[in-house]
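Below is one structure, written out as structure tokens, with a few remarks after it.
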Amino acid sequence: EVVMPQPVSYLPHLKLAEVLYSLDKYALARKYYAQSLELNPHKNPRASLGMLLCTTAIESPKSGKSKQGDETNTQLFDLSRQMVLGRYAALKPNAPGASLAPLVKSWLGA
């Protein structure tokens, strides 16, 4: 019902994905993060980070759903990783958040 009034707006998809993630429904959250990114791929860092967290949680042994051969999850992880790294790489040295760039690169193994 959240998405129905505005099916082509990225925000309802993003908000629903965040709620689903907080409820540990990672696969379903991943779907809505992907939809949000499809609707707004350029100015949607929350969805990029959410996708990273979802794909990581799905691969986690604690989730019980770890599938080393899940190609879709791997592709979505790689895509969102590149989006987050690209966002930080584009920051000017004195921009807000620029000081976090080395930490983010280290976290994502770049």
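In short: position in the sequence shown from 1, add 99, done, that's this note's numbering.
Every residue, glycine too, gets a C-beta built ideally from N, C-alpha and C.
Item: V102 - containing alpha helix (DSSP H), residue span; Value: Looking at the DSSP string, V102 is not in any alpha helix (DSSP H), and its letter there is neither H nor E.
Item: Reference A156, options Y132, Y120, P144, A197, closest by Cα; Value: Y120
Item: Alpha helix (DSSP H) segments (min. 4 residues) lying fully within the segment 134-190; Value: 144-158, 170-188
Item: Residue environment, G168, which counts as buried when at least 16 other CB atoms sit within 10 Å; Value: With a pLDDT of only 49 at G168, under 50, the local geometry of the prediction cannot be trusted, and no value is derived from it.
Item: Close beta carbons around S179, own chain, < 6 Å, minus the five adjacent residues each side; Value: S147, M150, L151
Item: S198, enclosing alpha helix (DSSP H) - first and last residue; Value: Taken as a continuous stretch (DSSP letters only), S198 belongs to no alpha helix (DSSP H), as it is neither H nor E.
Item: From A197, K114, D123, P144, residue whose alpha carbon lies closest to that of Y131; Value: K114
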